[in-house]
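Note that the protein sequences, when read in sequence, are chains A and B.
The C-terminal residue of the first sequence carries number 184 in numbering that gives the first Met the number 0, and the numbering is unbroken.
The C-terminal residue of the second sequence carries number 85 in numbering that gives the first Met the number 0, and the numbering is unbroken.
For glycine and all other residues, C-beta sits at the position ideal for the given N, C-alpha and C.
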Amino acid sequence: MDRESELALVCRIRAGDLAAFDIVYDEFNGRLFGFLARLARSRDVAEDLLEETWLRFVANAARLDAETRLGPWLFTVARNLHVSYCRSRAFEDPHGPELLSLWPAGFQQSPFEAAAFGELERRIESALATLPVALREVLLLVGVEGLRPIDAAVVCGITPEALRQRLKRARDLLWVRLESKEVRR
Amino acid sequence: MMRDESDPVLMLVAGLRAPRPATAREERVRQRCHAVMERGIRPPRSAAKPFGQRATDAALLAIVGSYVAVALVQATQVAASVLGLH
Numbered sequence: 000m001d002r003e004s005e006l007a008l009v010c011r012i013r014a015g016d017l018a019a020f021d022i023v024y025d026e027f028n029g030r031l032f033g034f035l036a037r038l039a040r041s042r043d044v045a046e047d048l049l050e051e052t053w054l055r056f057v058a059n060a061a062r063l064d065a066e067t068r069l070g071p072w073l074f075t076v077a078r079n080l081h082v083s084y085c086r087s088r089a090f091e092d093p094h095g096p097e098l099l100s101l102w103p104a105g106f107q108q109s110p111f112e113a114a115a116f117g118e119l120e121r122r123i124e125s126a127l128a129t130l131p132v133a134l135r136e137v138l139l140l141v142g143v144e145g146l147r148p149i150d151a152a153v154v155c156g157i158t159p160e161a162l163r164q165r166l167k168r169a170r171d172l173l174w175v176r177l178e179s180k181e182v183r184r
Numbered sequence: 000m001m002r003d004e005s006d007p008v009l010m011l012v013a014g015l016r017a018p019r020p021a022t023a024r025e026e027r028v029r030q031r032c033h034a035v036m037e038r039g040i041r042p043p044r045s046a047a048k049p050f051g052q053r054a055t056d057a058a059l060l061a062i063v064g065s066y067v068a069v070a071l072v073q074a075t076q077v078a079a080s081v082l083g084l085h
């Protein structure tokens with residue numbers, strides 16, 4: 000989505016245009032869910048936080064700034080909701096990485112997909128899940144979601160320099176975990 | 000997309016498949032959001048009152064106001080006569 004289309008969408012959403020909302024929803028819903036599911040390591044929690052993210056978006060739709068950048072806005076809300084969720088639970092995560100449940104029960108993949116993605120993907124997901132949440136979120140935002148580092152810094156509420164350092168630590172730690180035999184399969 | 004394509008770790012995580020929320024829930028949330036947006040653009044209920052209803056409200060207010068004023072005057076007169084002020 001280029002900047003011009005984004006600004007036009009923001010303008011339409013401020014006016015209550017449901018079709019414009021649908022475009023934004025289709026563009027970001029899957030990405031936000033992936034981000035939240037890997038952050039929370041739980042589909043159920045991710046679905047709840049995702050719903051709350053969208054409800055906050057529409058509740059603020061009429062008051063959106065005309066220059067709003069939708070990606071950073073939505074990822075910031077999603078990330079803050081996850082932070083609040085963790086605080087309300089008073090612990091980061093009840094699950095070990097072995098309980099990582101990104102895919103719905105009964106999820107089927109073809110034998111080709113299983114062979115192509117299976118082992119490596121499992122190892123990466125497990126290694127990712129073992130990272131501290133502060134490192135995991137920057138890797139998810141920049142590596143998986145493709146946000147610009149400067150936007151990811153805004154989402155995480157840190158300076159671009161702090162984000163750069165955190166991203167480097169996250170990459171290094173993920174690499175170590177991937178090479179380590181401790182990553183649970 | 001601003002990923003550093005020379006970074007093998009970023010490229011590895013970039014290749015992960017994206018999990019999707021359940022389709023039924025996805026649709027339900029969409030409908031809830033539509034409902035919230037539709038409520039948001041409607042005029043506030045007080046501004047949407049029809050003229051007839053507003054006139055009735057004003058008439059009722061005037062009647063109650065007059066009744067209270069008359070009651071106050073009478074109470075003052077009774078109090079004055081009891082206290083022998085006249």
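Are the beta-carbon atoms belonging to residue i and residue j less than 8 Å from one another?
i: A/LEU173; j: A/ALA126; result: yes
i: A/PRO148; j: A/PRO159; result: yes
i: A/ARG185; j: A/VAL137; result: Outside the displayed span of chain A (0 to 184) sits residue 185 of chain A, for which this structure offers no information.
i: B/PRO18; j: A/GLY117; result: no
i: B/VAL12; j: A/VAL143; result: yes
i: A/ALA77; j: A/LEU31; result: yes
i: A/ALA58; j: A/VAL9; result: no
i: A/PRO71; j: A/VAL154; result: yes
i: A/LEU38; j: A/PHE56; result: no
i: A/ARG40; j: A/ALA151; result: no
Less than 8 Å between the CB atoms is what I'm expecting for residue i and residue j, so what's the real figure, rounded?
i: B/PRO10; j: A/LEU17; result: Before going further, note that residue 10 of chain B is Met rather than Pro in the sequence given. Rounded, the Cβ-Cβ distance is 38 Å, inconsistent with contact.
i: A/ALA60; j: B/GLY39; result: 7 Å
i: A/GLU5; j: A/LEU63; result: Going by Cβ atoms, the distance from A/GLU5 to A/LEU63 rounds to 11 Å, so no, they are not a contact pair.
i: A/LEU201; j: B/PRO7; result: Here chain A comprises residues numbered 0 to 184, so residue 201 of chain A is not present and cannot be evaluated.
Helix or strand or just coil, what does DSSP make of residue i?
i: A/SER179; result: coil
i: A/SER41; result: strand
i: A/ASN59; result: coil
i: A/ARG147; result: coil
i: A/MET0; result: coil
i: A/ILE157; result: coil
i: A/GLU66; result: coil
i: B/SER5; result: coil
Which residue's Cα is closest to the Cα of residue i: the options?
i: A/LEU80; options: A/ALA161, A/ARG37, A/ASP47; result: A/ASP47
i: B/ARG16; options: A/ALA128, A/SER41, A/GLY29; result: A/GLY29
i: B/ARG24; options: A/GLY15, A/ILE123, A/VAL44; result: A/VAL44
i: B/GLN30; options: A/TRP53, A/ARG42, A/PHE27, A/ALA151; result: A/TRP53
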